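> Residue numbers (my numbering): 1148 to 1286.
Submitted below is the structure of interest, expressed as structure tokens.
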């Protein structure tokens, strides 16, 4: 269960990196007001997920149930921030055919839909696997 959680977390991170790179490349940090995502939201989600992943790796190497529970606890705000971004992304995606007043598309509207969907689904699997591993199931 522990290794499955790690693999799921790494796959989730891969999709997250694709979206983060796209968001930055399309002006997410350079053009204030062009995005429905604030830099704090994006980088907060990224930072908490990265810290949790590092703790999970330390847990795998060193052991200790406390580390597993801390990693899981970090996933809760990560998931909430992720759902917040999804909730802000969906209306823009639906209205993508109507361009913004200045003719520009929000940076997050360049995310591949497949990556967004896969990132979300594997993220949910990651949370479940981390919880099950922290509970000691499947070990």
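Beta carbons are placed, not taken as given, at the ideal position from N, Cα and C, and that holds for glycine.
Nothing here was measured: the structure is a model prediction, and the numbers come from that model.
Measuring only the C-alpha atoms, how far is residue 1220 from residue 1170?
The straight-line gap from Cα to Cα measures roughly 27 Å.
> Just confirm the distance between the C-beta atoms of residue 1274 and residue 1226, as a whole number of angstroms; I'd bet it's less than 8 Å.
Residue 1274 to residue 1226, Cβ: 6 Å. Contact.
> As a quick exercise: from 1284, 1283, 1277, pick the residue whose alpha carbon is nearest that of residue 1196.
Of 1284, 1283, 1277, the residue nearest in Cα terms is 1277.
> For residue 1305, which residues from the same chain have a beta carbon less than 7 Å from its beta carbon, with the 5 sequence-adjacent residues on both sides left out?
In the structure displayed, the chain extends from 1148 to 1286; residue 1305 sits before or after that span and is not available.
> In the DSSP assignment, find the unbroken alpha helix (DSSP H) run with residue 1234 in it and report its ends.
Its alpha helix (DSSP H) spans residues 1212-1241.
> Have a look at residue 1192 and residue 1207 and give me their C-alpha separation to the nearest angstrom.
Their Cα atoms are separated by approximately 23 Å.
> Below 8 Å between beta carbons: does that hold for residue 1266 and residue 1175?
No, Cβ-Cβ distance for residue 1266 and residue 1175 is not below 8 Å.
> What does a CB cutoff of less than 7 Å around residue 1188 pick up in its chain, not counting 5 residues either side in sequence?
Same-chain partners within the cutoff: 1228, 1231, 1232.
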